[in-house]
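Here the sequence shown stands for residues 0 to 209, where the numbers follow numbering that gives the first Met the number 0. Yeah, the Cβ is synthetic: ideal placement off N, Cα and C, and Gly gets one too.
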Amino acid sequence: MALREDQILRYSRQILLRDVGGRGQEALLAGGARVDGLGASGLTATAYLAGGGTPVTGVGSLTMGPWSPGFLASAHDVGQPVAEVLARVVPEVNPDAVGTPGGGLLAELPAAWSGEAPWVALGGDGARGAVVFRGADGCVWCFGETVRHLGTPPDGAMGVALGALGALVFQRLRLGLGPSLGGRWLSAPGAMTELELRRCSRCAAAEAKP
């Protein structure tokens, strides 16, 4: 798809980035993200993905809770299905981001994982936030083993920062950048360190071979 003039203006800052460019922006617009999350991290990630031109749809049967108002959601949305709220507010953020079912998945833990990659999990361990990601070539079982040992993502400012990081990771995977499997810890005040993956039995055996 060729970018329209209004899209070139809208995404000019991203297009100027060496890793994105015009072709990359076209790829973001052509892709999609299913988002399963109603906390600070999930809603922040949704806003950033939509703003960057990734079509977004809400999935799951959860409803907005009293902690949800903030980014994208308001007090009037409490008790409403997340998918319905996102379908209403995402076009207000960016009309290009109106999604159709399909695409990769970005979800707050705990979550069920299915469908095409990229997969980006937002979680934590009580003190830190965590982003675990998988591209098309990443091992499903190593991803699952890693996220299984993580808890829910943090709320508040840390959750907002985690959501922004998760959206960036999702975009990089969509553009084919970086490793196809990995993770990062996010600690206050914004320090980021590598999260060691838990290997499935098959990958552990393969790595153990001389």
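For residue i, does the three-state DSSP call read helix, strand or coil?
{"i": "F169", "result": "helix"}
{"i": "V84", "result": "helix"}
{"i": "F132", "result": "strand"}
{"i": "W140", "result": "helix"}
{"i": "A220", "result": "Outside the displayed span of the chain (0 to 209) sits residue 220, for which this structure offers no information."}
{"i": "V97", "result": "strand"}
{"i": "G23", "result": "helix"}
{"i": "G175", "result": "coil"}
{"i": "R198", "result": "coil"}
{"i": "G114", "result": "coil"}
{"i": "D76", "result": "helix"}
{"i": "T145", "result": "helix"}
{"i": "A32", "result": "strand"}
{"i": "L15", "result": "coil"}
{"i": "L180", "result": "strand"}
{"i": "G150", "result": "strand"}
In terms of residue numbering, what span does the alpha helix (DSSP H) encompassing residue i cover?
{"i": "A72", "result": "Note, A72: premise wrong, no alpha helix (DSSP H); not H, not E."}
{"i": "T45", "result": "39 to 50"}
{"i": "L8", "result": "4 to 9"}
Give me whichever residues DSSP pairs with residue i in a beta bridge.
{"i": "S186", "result": "A190"}
{"i": "E91", "result": "E91 is not bridged to any residue."}
{"i": "L121", "result": "E107, V130"}
Which whole-angstrom value describes the C-beta separation of residue i and residue j, a residue pair presumed to lie in contact below a C-beta threshold of 8 angstroms?
{"i": "F132", "j": "V119", "result": "5 angstroms"}
{"i": "W112", "j": "L104", "result": "7 angstroms"}
{"i": "T53", "j": "G30", "result": "6 angstroms"}
{"i": "S11", "j": "L161", "result": "Wrong, their Cβ atoms sit about 27 angstroms apart, outside the cutoff."}
What number of angstroms, rounded off, separates the C-alpha of residue i from the C-alpha of residue j?
{"i": "L42", "j": "G36", "result": "7 angstroms"}
{"i": "L167", "j": "L15", "result": "16 angstroms"}
{"i": "L85", "j": "L71", "result": "8 angstroms"}
Considering just the uninterrupted stretch of the beta strand (DSSP E) at residue i, what are its terminal residues?
{"i": "G57", "result": "55 to 57"}
{"i": "A106", "result": "103 to 107"}
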